[in-house]
Amino acid sequence: MGLYKFFPEPNEKMAELWTLITIKDCAILEYGPAGTTHFAIEGFGKLQATKRCYLATTDIDGSDVALGITKRLDLAIDEVVKNLSPKYLFVCASSVSSTIGTDILSICQMLQTNYDNTKLIALTNGGLSGNFTKGLEDIYLTIVKNIVQEPKNKNLKSYNIIGSSIDDLYFNADSLEIIRMLKGALDLECRCIFTSNCTIEEIEAMSESSINIVIRKEALKVAKYLEEKYNIPYIYDRPYGLLGTTQWLNDIANTLNLEINNDFIDEDTKLLKEQLGQIRRLNFMYPKKCLISGNYDTVKGIERFA
Amino acid sequence: MNETLNKLNKLSNIKENKDIKSCSNAIFPGSHCPLFGATMIAAKLEGLATVIIGTSECTYYNKDFSVLRNGGIDKDNTWSYVMSEKEVVFGNQDGLKKAIKQIDQTNPKGILIVSTCVPELIGYDIIGLCNDLQDDVNAILMPVQTEHFNLSSHMPGITRTLEALSSIMKPQEKVEKTVNVLGWRGKSLKNSELFKLLEEQGVSVHLTLPTEGSIDSIIEAPKAELNLVLDFTALPLAKKMQERFNIPYVEFDRILDLDKIEAAYKEIEKALNISFGDKLEKFKNDAVISIEEAKNTLIGKSFVYGNTLFNVFKFTHFLVSLGMKTDYIQIRELYEGDEIYIDKLLELGCNPYTAKIANIGPLDDVYKVIKPNLYIGHEDPVRLSRLGIVQTANEGVDGLGFELPMQLATSLAKVLNSKDNSDNAMLKMMKAMGGN
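Listed in order, the protein sequences are those of chains W and F. Going by our numbering, the first residue of the first sequence is number 1420, and it counts up by one from there. Going by our numbering, the first residue of the second sequence is number 2, and it counts up by one from there.
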């Protein structure tokens, strides 16, 4: 992969942990050296996200590594299931367990027969391929395939935000703005912010929403899966700028066959135009070149707006 | 019997590290890894570049920590060599050599090469690599292995890094009344009792490793007449320096025993040919008086030992000798000399449950049975407060010399008294409202 002077690129294991850690009532058990988990907890804290899950490590020592003993994993799984009774327990490999070839999947499959009320979900990525994007895509789909349930009560005026990830700089503000706009313009309710601020229950009920708002391309597979399985349409775009946002709202309105609240649009447009006017004046007087850096969808959206 | 406590050994059954059990199989947050320890030492050393060899996870989080430690990315000289899947399978020593040569071109005086779990697992020979490459680069190459699956915590990372730094030292002409301070990771020592005494005697500090150091000062470290070892992690370094450069050392590692403090001061006097005069007696007497006063509050109070910078057994012995009690102590691992204090504790009738450190998740279960007055170390303050357990992480207990046991005893007494005072205040309020 290479030499980095600044931050190396996060890998797929980090994508997994950063995705799961903000889900309330989620349980995660990592099979690997304790330091990996401890470092992750401290590193994660700087992303301005809230840890909502149960997270633990089994730790691992030289004997486990040399002899391939996995007893501590069996005991830890049993302990978590009996003490916490989580509906879902994600059992994660580590770089060490991957390198020595521990078969987390088989272990979970064997142990599953002991637990009726907890689903063991094996995450076998050891983090060696170094691909955050693929990791995010995979974990999103794994969560949805294992947790989303058949709809009980379809809600025609609700949606899920899909692809809200804590590695996005303004993930929280972006979600809140989407919620504000969709409430104001279309009187829609957000059911699930997947996954930066949600609960296991909300994920289970994602199938009850009438549309999915996809704000990140890594979440597209999730949207397509939900469309195919539960007939939920999706809009894939990030709203930036007056034109972009208006278009985005229109797309959602058309998909759901709803009328937009023009008063809300007029009010917001008026405020926005005042701000845009000032920026245009400054740019005219002091033209600047800019570098846009960030995740693919953010860069694409801001570039259109800029 | 409590399920959690059932898993644990009592102190009398602790003979080796494997006797120290974890209070649960699912652990939170877990110990820090030795890589963390290496970065604690290396991050702030001017003139040193560090390259971490490992996965993105290890290198990313470590970089994050290193940047924090340095107060900004511009000041940080930590590099990351991230191994690809192909490299893990097939190895790539050539790629690593190329990377080190590239770092060398930025002209650091030393390059610390740190291998982590995965490269160690697959047998990367970084010691051999350094030997092989040394002639091709200008910087001095120092290998440090930090495989967590073989090492219990971040402490071996600290020890190994300090030892590795000794390879950069060169013979120097000795400068009289000059000392090196090894292993101190706390606040500035300038206002400590020990350092004020040394300053009064005209003794100067050449190097404080790792808190205030540079590669240049490490290279010249052998000019000191004496090494003061202020933390056990620096003992192997001190021994190496004694062997290579004939520099004696005195251990002054957060000693709490007043007689041992006096003995350590005497050793310093002898090594530097100085005399602290009657100040030692005065300081010792002051300590005796303050500790006796604090004892009034401490006697009979119980504590759980979580984690501090002190040696767990020396710390526990000190408090138990003042009349405190404990039924639960958490231990990182056993170190040389611990058996002496374990025996002393058992002789005092103190035989607590022992548990592996850094696992606070399941302690609710323990508190139901143990019901301590005080928790010493880092824990969830909300949980402790709900259970009526006072907590201290030894804030302000950072001196050296006789002041240290004095600070500890008075600090604990103050913390325990504040709990009592608030209860009394509530009683007063209830009475004022007409209650009994």
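Each residue gets a CB set at the ideal place from its N, CA and C atoms; glycine is no exception. Please read all numbers here as calculations on a predicted model, not as lab measurements.
What does residue i reach in chain F if we use C-beta pairs closer than 7 Å?
| i | result |
| --- | --- |
| residue 1430(W) | 56, 57 and 58 |
| residue 1499(W) | 27 |
| residue 1426(W) | 61 and 64 |
| residue 1478(W) | 28 and 31 |
| residue 1439(W) | Correct list: empty, because the minimum Cβ distance to chain F is about 15 Å. |
| residue 1510(W) | Here the premise fails: no neighbours, minimum Cβ distance about 11 Å. |
| residue 1530(W) | The contacting residues do not exist; residue 1530(W) stays about 13 Å from chain F at best. |
| residue 1504(W) | By Cβ distance, chain F contributes nothing, its closest Cβ being about 13 Å from residue 1504(W), past 7 Å. |
Could you check whether residue j and residue i sit closer than 8 Å to each other, using their CB atoms as the reference points?
| i | j | result |
| --- | --- | --- |
| residue 154(F) | residue 387(F) | no |
| residue 355(F) | residue 15(F) | yes |
| residue 1649(W) | residue 1570(W) | yes |
| residue 1478(W) | residue 31(F) | yes |
| residue 417(F) | residue 398(F) | no |
| residue 1460(W) | residue 1511(W) | no |
| residue 314(F) | residue 377(F) | no |
| residue 1452(W) | residue 1500(W) | no |
| residue 196(F) | residue 1480(W) | no |
| residue 1611(W) | residue 1625(W) | yes |
| residue 163(F) | residue 238(F) | yes |
| residue 117(F) | residue 36(F) | yes |
| residue 56(F) | residue 83(F) | yes |
| residue 275(F) | residue 204(F) | yes |
| residue 393(F) | residue 413(F) | yes |
| residue 1427(W) | residue 60(F) | yes |
| residue 1578(W) | residue 1632(W) | yes |
| residue 400(F) | residue 194(F) | yes |
Using a cut-off of 8 Å between C-beta atoms, extract the partners of residue i located in chain W.
| i | result |
| --- | --- |
| residue 157(F) | In chain order: nothing, as chain W lies at least about 11 Å away. |
| residue 362(F) | 1475 |
| residue 204(F) | Ordered by position in chain W, no residue passes the 8 Å Cβ test against residue 204(F), which lies about 38 Å from the chain. |
| residue 243(F) | Under the 8 Å cutoff, chain W gives no residues; its nearest Cβ is about 31 Å from residue 243(F). |
| residue 103(F) | 1422 |
If the cut is a Cβ gap below 9 Å, which residues of chain W does residue i touch?
| i | result |
| --- | --- |
| residue 100(F) | 1421 and 1422 |
| residue 24(F) | The contacting residues do not exist; residue 24(F) stays about 11 Å from chain W at best. |
| residue 313(F) | Correct list: empty, because the minimum Cβ distance to chain W is about 18 Å. |
| residue 36(F) | 1454 and 1458 |
| residue 74(F) | 1425 and 1426 |
Examine chain A for any beta-carbon lying closer than 8 Å to the beta-carbon of residue i, and answer yes or no.
| i | result |
| --- | --- |
| residue 151(F) | Protein chains in the displayed structure are W and F, and chain A is not among them. |
Assuming the contact rule is C-beta atoms closer than 8 Å, residue i and residue j should be a hit. Round their C-beta distance to whole Å, please.
| i | j | result |
| --- | --- | --- |
| residue 1441(W) | residue 1614(W) | 6 Å |
| residue 277(F) | residue 198(F) | 5 Å |
| residue 1554(W) | residue 1449(W) | The pair is not a contact, with the Cβ atoms about 15 Å apart (cut-off 8 Å). |
| residue 123(F) | residue 1518(W) | 7 Å |
| residue 1539(W) | residue 1566(W) | Their Cβ separation, rounded to whole angstroms, is 13 Å, which puts residue 1539(W) and residue 1566(W) out of contact at 8 Å. |
| residue 1443(W) | residue 1556(W) | Contact doesn't hold; Cβ gap of about 23 Å is too wide. |
| residue 1716(W) | residue 1643(W) | Not confirmed; about 16 Å, so no contact. |
| residue 1466(W) | residue 1562(W) | Actually they do not touch by this definition, with Cβ atoms about 19 Å apart. |
| residue 338(F) | residue 1475(W) | Not quite, the Cβ-Cβ distance comes to about 33 Å (not below 8 Å), so this is no contact. |
| residue 1607(W) | residue 1576(W) | 5 Å |
| residue 223(F) | residue 242(F) | 7 Å |
| residue 220(F) | residue 175(F) | In fact, because the Cβ distance is near 15 Å, the residues do not count as touching under 8 Å. |
| residue 226(F) | residue 180(F) | 7 Å |
Can you pull the chain F neighbours of residue i, defined as C-beta to C-beta under 9 Å?
| i | result |
| --- | --- |
| residue 1465(W) | 65 and 69 |
| residue 1456(W) | 28, 29, 30 and 31 |
| residue 1518(W) | 89, 118, 119, 122 and 123 |
| residue 1433(W) | 57, 58, 61 and 62 |
| residue 1495(W) | 25, 26, 27 and 28 |
Under 8 Å Cβ-Cβ, which residues of chain F neighbour residue i?
| i | result |
| --- | --- |
| residue 1491(W) | 26 |
| residue 1481(W) | 150 and 151 |
| residue 1462(W) | 61, 62, 65 and 66 |
The segment 131 to 148 of chain F: positions lying closer than 7 Å to chain W by Cβ:
none
With a floor of 4 residues, list each alpha helix (DSSP H) that falls wholly inside the segment 1526 to 1605 of chain W, ordered by position along the chain.
If we require 4 residues or more, the alpha helix (DSSP H) runs fully inside the segment 1526 to 1605 of chain W come out as 1551 to 1566 and 1590 to 1605.
Could you give the uninterrupted runs of the alpha helix (DSSP H) lying entirely in the segment 16 to 68 of chain F, keeping only those of 4 residues or more?
35 to 43
Got a sec: which bits of the segment 1672 to 1695 of chain W sit with their beta carbon under 7 Å from any beta carbon on chain F, in order along the chain?
Per Cβ criterion, the list is empty.
Sequence ranges, alpha helix (DSSP H) only - wholly within the segment 262 to 329 of chain F, length at least 4:
Under the rule that a run must span 4 or more residues, the alpha helix (DSSP H) segments found entirely inside the segment 262 to 329 of chain F read 280 to 299 and 313 to 322.
Give the residues from the segment 78 to 92 of chain F that approach chain W closer than 7 Å (Cβ to any Cβ), ordered along the chain.
Answer set for the segment 78 to 92 of chain F: 80, 81, 82, 83, 84, 85, 86 and 89.
What are the residues in the segment 1542 to 1564 of chain W lying within 7 Å of chain F by C-beta distance?
1546, 1547, 1548 and 1549
Inside the segment 123 to 175 of chain F only - beta strand (DSSP E) runs reaching at least 3 residues:
141 to 146
Between the segment 367 to 400 of chain F and chain W, which residues of the former have CB atoms less than 8 Å from a CB of the latter, in chain order?
none
Write down every uninterrupted run of the alpha helix (DSSP H) in the segment 1431 to 1496 of chain W whose length is 4 residues or greater and which is fully enclosed by it, in chain order.
1431 to 1439, 1453 to 1463 and 1481 to 1486
Pick out the complete beta strand (DSSP E) segments inside the segment 1607 to 1682 of chain W, 3 residues or longer, and give them in chain order.
The segment 1607 to 1682 of chain W contains these whole beta strand (DSSP E) runs: 1608 to 1614, 1630 to 1633 and 1653 to 1655.
Write down every uninterrupted run of the beta strand (DSSP E) in the segment 330 to 372 of chain F whose length is 3 residues or greater and which is fully enclosed by it, in chain order.
354 to 357
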